[in-house]
Every structure is written in C-alpha cells, then in structure tokens.
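Residue 814, in our numbering, is where the sequence shown stops; the numbers in between run on with no holes.
Each residue gets a CB set at the ideal place from its N, CA and C atoms; glycine is no exception.
A short write-up of the structure that comes next.
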Amino acid sequence: MMYDQKIKKIKEEIKNFKIKTSQDLETFKGQFIGRKKGMITELFKEIKNLSLEKRKDYGKILNELKKYVKKKINHVVHKKSFFPSSKGIEFDPTIPGEYSEIGSMHPLSIIKERIIEIFMNIGFSYIEDREMEDDWHNFTALNIPPLHPSRDMQDTFFLGEKNFVLRTHTSSVQIRYMKTHNPPVRILSIGKVYRNETVSSHSHFMFHQAEGFYIDKNVSFSDLKHTIQYMIHSIFGKKKVRFRSSYFPFTEPSAEIDVFHNNEWIEIMGCGMIDPHVLKNVNIDSEVYSGFAFGIGIERISCIIHQIQDIRTYFDNDLRFLRQFTSDF
Ligand code: DAH
C-alpha cells in the first residue's frame with residue numbers, strides 16, 4: 486500500500502476507535518503509538534525508504550498524527566464519565582489530577598520569605614528551633630534570672646513543673662545556637678512565640694518573631710544601625726527610621742526602632758549590643774568578640790504594609806481574607 490493511503494487509513498481508524506474502558510485505552514495506545522508495533526511507530530520506521538524531500542513532509546504528517554492520538558487520549562481521560570468512581574474499573578495513579586484551584590501563600594509566610602531573602606543577601610544563615618523551651622534558654626541565660634522584674638512583662642505558658650515554657654520570644658535561639666557554634670556567626674531565625682495574653686484586635690497568645698544576631702571581632706553599634714536600616718528600607722521602601730534608647734536584659738545598650746508611617750512613629754522592633762553576661766553564659770569571650778541582636782514582630786510588619794487593623798484576621802483562616810495576598814508586595 487502506498488504511504489499516503491496508509492496514513493489515510495490510520496487516521497480513519499483513530500477516529501473510529503471507541504474508548505470506553507481503561508482496557509480500551511491501553512489497546513488504543515498500543516495499536517497506534519505503542520513502541521513495538523504501533524502503526525504510527527511503524528510508519529516512522531519506514532520513512533527512511535523515502536526520498537529526502539518526502540521524508541520531511543511525511544515526518545511532519547506523522548507527527549501531526551501522533552499529536553492527534555494524544556489529543557484523543559487526553560480528551561477521553563478528562564471526561565468525567567470515563568472513570569465513574571465505581572466497580573470493576575481499576576484506579577490509574579498515572580492520570581494527572583484535576584485542580585479546582587491552586588492556593589496562595591499566607592500573608593505571614595510572605596513576610597517571612599521576604600525577610601529571609603533580605604538577610605540571605607548579606608550573608609546570614611537561616612535556622613529554625615524548638616517552640617518548647619526550658620527556663621535557662623528562654624530566660625536565665627538571657628540575663629533574666631528568676632525573680633527578675635522583666636519576667637513579669639511576659640506572662641507565660643508554663644508546662645509541667647515550671648521548668649519548661651512555650652517560648653515567649655525567639656531570643657532563646659541565640660543561646661541554643663551560640664552554645665554549639667563559635668563566632669563569627671550571622672544567624673536569622675523566624676517562628677512562633679507564645680504569651681499568656683487575652684486575645685484582642687492588637688494582641689494574641691501566639692504570634693511570630695524574627696530574631697537576628699551577628700557576632701564577630703569588632704562588631705559595633707554602627708554595624709547594627711546600618712543592618713537595620715538596610716532591612717527596613719528593603720521592606721518598606723525609603724521610610725524614615727528612628728532609634729530610641731530602651732532596655733532589654735540581654736542587650737546593652739538597647740534600642741527600640743520606629744518607622745514613620747501614616748504621619749506617626751510606629752514601633753516595629755527591639756535591638757542592641759549583646760550583653761557580655763550573655764556571651765559569657767555561652768562561653769564566648771567578650772574581650773575578643775562583640776555582637777548585635779534584634780527581634781521583630783512579623784504580624785506588626787504585615788499590619789503596616791497591608792493596613793490591617795485586627796491581628797486575629799491572620800489566624801481566622803477566612804479564605805476571603807487570605808486570597809487577597811500575593812507575594813510581590
Ligand atoms: N525578645 C524581645 C521581645 O520579645 C525582642 C528583642 C529585643 C530581641 C531586643 C532582641 C533584641 O534580640 O536585641 O520583646
């Protein structure tokens with residue numbers, strides 16, 4: 486039979502082939518595009534006997550024919566009635582699933598990813614650590630011994646015999662990391678923290694913090710200022726930034742940082758030079774090394790960017806709220 490006629494005949498057969506079951510589907514595939522004796526496959530093999538000119542033309546035609554077969558397969562498997570859920574028809578895990586909708590990132594995850602990227606760009610490494618902490622890592626090693634008044638500022642979820650807490654801040658990561666790593670270190674960590682607070686529009690018993698710290702020889706307060714300014718400008722664009730002197734037990738000197746937003750100063754984070762007592766608690770010689778640390782509230786940043794008034798909306802899981810965010814803010 487002439488090549489042309491063969492092609493015509495195959496086309497007819499493809500068209501008339503009725504695929505009703507997955508068994509039919511397999512036969513169909515085998516008959517036309519099967520590797521061993523598929524009709525189209527065989528024609529491809531014969532193509533070498535044709536003249537160079539014709540080879541090109543027929544190659545094109547055969548590829549079209551192959552596409553036609555695949556289209557028919559696709560059409561059949563996507564018909565809902567093809568795999569009626571029940572009896573006798575085996576489940577084929579190789580058929581692609583159907584998505585009704587692809588989800589979007591949670592607004593807090595978007596900020597998290599952005600902050601990680603900002604700090605990766607200046608040589609920080611990212612780590613995550615436990616949410617259940619012991620008293621030493623959450624308080625004492627950070628210069629907050631038992632009975633220290635600053636423990637009162639963070640009402641706490643104690644676990645068991647009060648030796649364990651749900652971490653009240655991510656600063657505990659500093660202790661965990663410095664215990665097992667020698668300077669220089671540049672670390673960022675983001676995660677959940679917990680405080681025994683009444684839930685309202687501006688406070689929650691669970692929220693997220695980012696913690697960063699850098700320890701090396703000769704780290705100074707100007708390194709801290711420059712790093713924070715870089716971070717804030719990367720997140721908010723060129724907003725005015727203000728450092729206000731403050732107090733944290735684990736840093737000396739300490740500062741709180743405000744950004745100028747909607748005609749007012751809004752506090753967004755705390756920072757300072759790591760207190761020598763803290764370095765001593767993790768066996769780092771404060772005569773040789775110095776470092777800075779900072780802590781940021783993730784919800785606060787997101788609230789400012791998106792003008793959100795109520796922190797609870799982040800945790801309600803209302804899709805009408807969550808669907809509005811895209812990762813390019
Ligand atoms: N841990 C502090 C808090 O939860 C935030 C903080 C302030 C972290 C100053 C720091 C820092 O690392 O240096 O309120």
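| query | result |
| --- | --- |
| Distance between ASP577 and LYS677 (C-alpha atoms, nearest Å) | 41 Å |
| Expected contact under 8 Å - CB spacing of ILE759 and ILE781 to nearest Å | With 8 Å as the limit, ILE759 and ILE781 do not qualify as a contact, their Cβ atoms being about 16 Å apart. |
| 7 Å Cβ cutoff met for CYS756 and PHE735 | no |
| Under the three-state DSSP convention, the category PHE513 falls into | helix |
| 8 Å contact criterion, which ILE580 and VAL561 should meet: CB distance rounded | Actually they are not in contact, since the Cβ atoms of ILE580 and VAL561 sit about 10 Å apart, beyond 8 Å. |
| Option in ARG615, GLN714, PRO630 with minimal Cα separation from TRP621 | PRO630 |
| Cβ contact check for the region 717–737 and the region 687–701: 3 or more pairs under 8 Å | no |
| For LEU651, three-class secondary structure by DSSP | strand |
| PHE643 CB to nearest heavy atom of ligand 3 below 6 Å | Ligand 3 is absent from the structure shown, which contains only ligand 1. |
| Collapsed DSSP secondary structure at TYR774 in the structure displayed | coil |
| ARG729 - partner residues in DSSP beta bridges | GLU741 |
| Near ligand 1: CYS756 beta-carbon under 6 Å from a heavy atom | yes |
| C-alpha gap between THR712 and PHE698, whole angstroms | 11 Å |
| Helix, strand or coil at LEU707 [DSSP, three-state] | For the sequence presented, residue 707 should be read as Ser rather than Leu. SER707: helix per DSSP, three-state reduction. |
| Candidates PHE643, ASN559, ILE612, PHE502, of which the one nearest ARG661 by Cα | ILE612 |
| Distance, THR506 Cα to ASN548 Cα | 26 Å |
| For ALA695: DSSP bridge partner residues | ILE675, ILE781 |
| Among LEU764, SER635, HIS718, VAL763, the one whose alpha carbon lies nearest that of PHE745 | HIS718 |
| Three-way DSSP call (helix, strand, coil) for GLY755 in this model | strand |
| PHE609 versus THR526 - alpha carbon distance | 55 Å |
| Contacting residues, own chain, Cβ-Cβ under 6 Å from ASN766 (five flanking each side not counted) | ALA626 |
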